[in-house]
Amino acid sequence: MRKLRRKHDSRVNKKFYFWSTITIIVLLIILGYAKAQSPQVQAKKEAYLVAKKYGNVRKAEDFYVFNRKQTYYTIYGTNKRGQEVYVITSQNGKKVNIYAQDKGISVNKAK
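First residue of the sequence shown: 1, per the UniProt record's numbering; consecutive thereafter.
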């Protein structure tokens, strides 16, 4: 009887260690992903504040990042007048350009 109990306890311990290890690995992956996304989330918040201040954006629909020689952030949203606008700001927030969406070209024309 004792041998069966030890065998059963051994299986339970192996399962416990297996699932504990899997849980820890999944948590580490989630934490790593969250840490990697934090600069993007912070940039989005800052770009939205600039868009709200200078472009009178009420509701942000989308966020884009452009990297070449400098980094630019773009917020696409609706301003107080109900117009759809793009607010493009430099990474340091010193350059801000506001473009009306209806004055640009569509995706189909760009292709």
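Even for Gly, the Cβ is constructed at its ideal location relative to N, Cα and C.
Three-way DSSP call (helix, strand, coil) for residue i in this model
| i | result |
| --- | --- |
| I88 | strand |
| N56 | coil |
| G93 | coil |
| G82 | coil |
Option in the options with minimal Cα separation from residue i
| i | options | result |
| --- | --- | --- |
| I75 | A47, G93, Y54 and F16 | A47 |
| N56 | S10, V87 and V12 | V87 |
| residue 114 | T71, K69 and A51 | The question about residue 114 has no answer, for the chain in this structure spans 1 to 111. |
| N92 | F18, T21 and K44 | K44 |
Beta-bridge partners of residue i, as assigned by DSSP
| i | result |
| --- | --- |
| N108 | Paired residues: none, contrary to the question. |
Cut-off 6 Å between Cβ atoms - residues of its own chain near residue i, not counting five sequence neighbours on either side
| i | result |
| --- | --- |
| T71 | Q91 |
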